[in-house]
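Since the structure comes first, as structure tokens, the remarks are kept for the end.
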Amino acid sequence: GAVVSQHPSWVICKSGTSVKIECRSLDFQATTMFWYRQFPKQSLMLMATSNEGSKATYEQGVEKDKFLINHASLTLSTLTVTSAHPEDSSFYICSARGGWTGTSGASFYEQYFGPGTRLTVT
Amino acid sequence: DAKTTQPPSMDCAEGRAANLPCNHSTISGNEYVYWYRQIHSQGPQYIIHGLKNNETNEMASLIITEDRKSSTLILPHATLRDTAVYYCIVTVDQGGKLIFGQGTELSVKP
Chain A
196 GAVVSQHPSW VICKSGTSVK IECRSLDFQA TTMFWYRQFP KQSLMLMATS
246 NEGSKATYEQ GVEKDKFLIN HASLTLSTLT VTSAHPEDSS FYICSARGGW
296 TGTSGASFYE QYFGPGTRLT VT
Chain B
50 DAKTTQPPSM DCAEGRAANL PCNHSTISGN EYVYWYRQIH SQGPQYIIHG
100 LKNNETNEMA SLIITEDRKS STLILPHATL RDTAVYYCIV TVDQGGKLIF
150 GQGTELSVKP
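So the protein lines, in turn, are chains A and B.
Per this note's numbering, residue 196 is the first one in the first sequence, and the count goes up by one each step.
Per this note's numbering, residue 50 is the first one in the second sequence, and the count goes up by one each step.
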């Protein structure tokens, strides 16, 4: 099946620094990728949707200048948390879906999730 | 997208069928019902989705009522590995953005 990876799986950084999280579709081309965050004992919250080669669409309340998303290729999207603060500590999860034509190796009708990245800001 | 309501938690005995209900009384005619699950500290996993008809795959069955205001996810023979939070999501955009609710925490017990 379609596999999505994330790197790193966990990261600890100091307040004020920036952290980059990578999301890769390993065996299919992902025209669309999504970024979510999840606080302990809470549900996932969609942060943004990114399409390859275009600017990401952010959900209401998500600061686009703080959470920089780049989707430069059909297999890679990155999320950079800039000037991280302790309140940004969370579980960040990406997902991807296949192309409309169905030839990308993954379904267009479902999202494939990565294993998540746990960010701790001290 | 229509809002969904799920019980916060359920228990199920190992080997028995797990029936997880979802209420989506404001669903529109063009909205799909999706089910995902999340095992602790992992990314969610797609289970099944449907529009009007009942659906079955290797993981589960989805039963949608005729008026489409509610649905039930059925895991026919629950195992300990099925312990997870199950999310019922209604969306018009197949494969598109997902708005997660609180889900149902299913505990499968020996």
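For every residue, glycine included, the Cβ atom is placed at its ideal position computed from N, Cα and C.
> T226(A) and L274(A) look like a contact to me (Cβ under 8 angstroms); what is the Cβ gap, rounded to whole Å?
Replying inline: Contact between T226(A) and L274(A) fails: their C-beta atoms lie close to 18 angstroms from each other, not under 8 angstroms.
> Under 7 angstroms, do A67(B) and L124(B) count as touching if we go by C-beta distance?
Replying inline: Yes; because the gap between Cβ atoms is below 7 angstroms, this pair is in contact.
> Can P70(B) and T121(B) be called in contact, C-beta distance under 7 angstroms?
Replying inline: The answer is yes: Cβ separation under 7 angstroms.
> What does a CB cutoff of less than 7 angstroms around F234(A) pick up in its chain, not counting 5 residues either side in sequence?
Replying inline: Only residues of its own chain outside the window of five on either side were considered, and among them S285 have a CB closer than 7 angstroms to the CB of F234(A), listed in chain order.
> Helix, strand or coil for D116(B) per DSSP?
Replying inline: DSSP places D116(B) outside both helix and strand once states are collapsed to three, so it counts as coil.
> Would you call the CB atoms of A279(A) and C218(A) closer than 7 angstroms?
Replying inline: No, the pair does not count as a contact, with Cβ atoms beyond the cut-off.
> Going along the chain, which residues of the stretch 68-93 of chain B sit with their C-beta nearer than 9 angstroms to a C-beta in chain A?
Replying inline: Cβ contacts with chain A: Y81, Y83, Y85, Q87, S90, Q91, G92 and P93.
>> In the DSSP output, what is Y287(A) paired with across the bridge?
In response: For Y287(A), which the question treats as bridged, DSSP gives the partners R232(A) and T312(A).
> Taking Cβ-Cβ distances shorter than 9 angstroms, what residues in chain A pair up with Q151(B)?
Replying inline: Neighbours of Q151(B) on chain A, chain order: Q237 and S238.
> Taking the alpha-carbon positions, what's the F262(A) to V276(A) distance?
Replying inline: About 5 angstroms.
> Which residues bound the beta strand (DSSP E) around S272(A)?
Replying inline: It spans L271 to V276 - the beta strand (DSSP E) in which S272(A) sits, taken as one unbroken run.
>> Rounding to the nearest angstrom, what Cα-Cα distance links Y136(B) and Q151(B) in this structure?
In response: Their Cα atoms are separated by approximately 7 angstroms.
> How many angstroms separate the CA atom of L314(A) from the CA atom of E115(B)?
Replying inline: Distance between the alpha carbons of L314(A) and E115(B) is about 44 angstroms.
> Is there at least one Cβ from chain A nearer than 7 angstroms to Y135(B)'s Cβ?
Replying inline: By this cut-off, Y135(B) is not an interface position.
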